[in-house]
Amino acid sequence: MKSTISQLDYSFNPRHALVGAQMFFVAFGALVLVPLLTGLDASVAMFTAGIGTLCYQVITRGRIPIFLASSFAFIAPIKHGITTWGLPGTLCGLMAAGAMYALASALVRWRGAGIIQRFLPPIVTGPVIMVIGLSLAPVAIEMATRLNAGAVTLTRPQALSISMCSLGATILASLLGRGFLKLVPILCGIAAGYALSLCYGIVDFSPVVSNPWFAVPQFTTPVWNTEAVLFIFPVAIAPIIEHVGNVVAIGSITGRDYVKDPGLHSSLMGDCVSSMLAAFFGGPPNTTYSEVSGGVALTRAFNPGVMTWAALSAIVLAFVGKLGALLGSIPAQVMGGIMILLFGAIVVVGMNSLVKAGDDLMKPRNLAIIAVVLVFGLGGMEFQLGSFAAKDIGLAGIMGLLLHLVLPKGTREK
Numbered sequence: 019m020k021s022t023i024s025q026l027d028y029s030f031n032p033r034h035a036l037v038g039a040q041m042f043f044v045a046f047g048a049l050v051l052v053p054l055l056t057g058l059d060a061s062v063a064m065f066t067a068g069i070g071t072l073c074y075q076v077i078t079r080g081r082i083p084i085f086l087a088s089s090f091a092f093i094a095p096i097k098h099g100i101t102t103w104g105l106p107g108t109l110c111g112l113m114a115a116g117a118m119y120a121l122a123s124a125l126v127r128w129r130g131a132g133i134i135q136r137f138l139p140p141i142v143t144g145p146v147i148m149v150i151g152l153s154l155a156p157v158a159i160e161m162a163t164r165l166n167a168g169a170v171t172l173t174r175p176q177a178l179s180i181s182m183c184s185l186g187a188t189i190l191a192s193l194l195g196r197g198f199l200k201l202v203p204i205l206c207g208i209a210a211g212y213a214l215s216l217c218y219g220i221v222d223f224s225p226v227v228s229n230p231w232f233a234v235p236q237f238t239t240p241v242w243n244t245e246a247v248l249f250i251f252p253v254a255i256a257p258i259i260e261h262v263g264n265v266v267a268i269g270s271i272t273g274r275d276y277v278k279d280p281g282l283h284s285s286l287m288g289d290c291v292s293s294m295l296a297a298f299f300g301g302p303p304n305t306t307y308s309e310v311s312g313g314v315a316l317t318r319a320f321n322p323g324v325m326t327w328a329a330l331s332a333i334v335l336a337f338v339g340k341l342g343a344l345l346g347s348i349p350a351q352v353m354g355g356i357m358i359l360l361f362g363a364i365v366v367v368g369m370n371s372l373v374k375a376g377d378d379l380m381k382p383r384n385l386a387i388i389a390v391v392l393v394f395g396l397g398g399m400e401f402q403l404g405s406f407a408a409k410d411i412g413l414a415g416i417m418g419l420l421l422h423l424v425l426p427k428g429t430r431e432k
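Residues 19 to 432 in the working numbering are what the sequence shown spells out, letter by letter.
As structure tokens, this is what we get:
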């Protein structure tokens, strides 16, 4: 079905407002998951998702019905960065990662959309995405089996029962859910785990009671840190590829070619501004949300103006202090169970990109790229030259790109 609306419709329409609020709640579970896992402020993430989406709409001239919010690709770098350089330094690195989108946008404008595929084919991005998911696996298990729950100490069977309840509910909602329910499996998993946590008496409601209804999010501004920039900058390689895929996917849903109009370069620049703005206020980088694309397919709400209402909903709720406190009361065990599925899903996305590419992974060139990316990214390899240091996901991305550029494509097999 082809939409007859190609630009934003700012006229007040109660139906658009209702559908837009629904789109926000489709994205809500994944949106707040990133700050909850990394220690960032969930209210800031909601605010920056809303502001980022509005900026994206301006830059893409109101053509694309897309909602932008917290990117999973940056969970591991944010956790490492906060531990190593603190939040302000980490935010500097996240702003640099946002600038990577500007570079990609410039390349697309100069050489066309195909340049992304030539420089970053699945043989590079697939293993990098797998490294992102696999590097987070220990975090998921630690939180799923954590015995400490505030002032209460759980037994291991109790902790596992909460995390497995969250995991099971999320899986069942994704498999058996219908309509809107199928679009919010994370919220279903959180609700189930939270209910069981209430039975164990480990939920502390005192912050919810004491927090005011209106509260300004805890904004934090970046502080320059060269090491953080060099470490986090290459991580943007994976979400750039994800962005291209999501733009193509939403185009197939609405029947429009957004790669041509408004152009992939405009869409990438929208992500650039959105992510850099998010980091400036203390939030995680933003990316296009496939959950919301699924919502567009279900509701047939092709008017990009609907996403304006979704963005406004995010901004308004960011200032509800009790909501932020309620999110903070979710036990780690609940989030751990959901993370087992989500982080594993990231690995599967990387694997699937390799399978869909159809290349023989045992060819010496392909084997070399994948092997080096995986082992360097997961094994703790680090290259250091003066103040420059590259390791983990950043090093994996750099090595994948370099090997793709320097290894001859005509290598013969013995």
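Backbone N, C-alpha and C fix where the C-beta goes; we use that ideal spot for every residue, glycine too. Quantities reported herein were computed from a predicted structural model and do not represent experimental measurements.
With a Cβ-Cβ cutoff of 9 Å, do residue i and residue j count as a contact?
i: LEU154; j: MET353; result: no
i: VAL265; j: LEU248; result: no
i: GLY151; j: VAL365; result: yes
i: ALA187; j: GLY168; result: no
i: LEU286; j: ILE258; result: yes
i: SER293; j: ALA115; result: yes
i: THR143; j: GLY418; result: yes
i: ASP222; j: SER347; result: yes
i: ALA332; j: GLY47; result: no
i: VAL324; j: GLY132; result: no
i: GLY415; j: ASN243; result: no
i: ILE100; j: TYR307; result: no
i: PHE237; j: PHE337; result: no
i: THR326; j: LEU72; result: yes
i: GLY395; j: PRO156; result: no
i: ASN370; j: ILE141; result: no
i: MET64; j: ALA297; result: no
i: LEU421; j: ALA386; result: yes
i: ALA117; j: PHE251; result: yes
Considering residue i, what are the terminal residues of the beta strand (DSSP E) in which it resides?
i: ALA87; result: 86 to 88
i: THR143; result: Unbroken run through THR143 is the alpha helix (DSSP H), 140 to 153; no beta strand (DSSP E).
i: LEU305; result: Checking the sequence, you will find Thr at residue 305 rather than Leu. THR305 -> beta strand (DSSP E) spans 304 to 306.
From the DSSP output, which residues share a beta bridge with residue i?
i: PHE232; result: VAL338
i: GLU400; result: LYS409
i: THR71; result: Looking at the DSSP assignment, THR71 forms no beta bridge with any residue, so it has no partner.
i: THR171; result: ASN166
What's the call for residue i, buried or exposed, on a 16-neighbour Cβ count within 10 Å?
i: VAL234; result: exposed
i: LEU214; result: buried
i: PRO382; result: exposed
i: GLN135; result: exposed
i: MET161; result: buried
i: ARG81; result: buried
i: VAL76; result: exposed
i: GLU400; result: exposed
i: ALA319; result: buried
i: PRO230; result: exposed
i: CYS183; result: buried
i: LEU172; result: buried
i: VAL202; result: buried
Flag residue i as yes if its beta-carbon sits less than 9 Å from any beta-carbon of chain C, otherwise no.
i: PRO302; result: Given the protein chain composition of this structure (a single chain), no chain C is represented.
State the start and end residues of the unbroken alpha helix (DSSP H) segment that holds residue i.
i: ASN264; result: 255 to 272
i: THR239; result: Where THR239 is concerned, there is no enclosing alpha helix (DSSP H), given that its DSSP letter is neither H nor E.
i: SER284; result: 282 to 299
i: ALA115; result: 93 to 129
i: GLY195; result: Unbroken run through GLY195: none, as it is neither H nor E.
i: ALA213; result: 203 to 218
i: SER371; result: 350 to 375
i: THR244; result: 244 to 250
i: ARG136; result: 132 to 137
Any 3 or more C-beta pairs closer than 8 Å across the segment 87 to 97 and the segment 41 to 54
yes
Inter-stretch contact (C-beta, 8 Å, three-pair minimum) for the segment 334 to 346 and the segment 115 to 132
no
Under 8 Å: do the segment 297 to 307 and the segment 91 to 105 share three or more Cβ pairs, one atom per stretch?
yes
Count Cβ pairs between the segment 96 to 111 and the segment 262 to 278 that sit closer than 8 Å; are there 3 or more?
no
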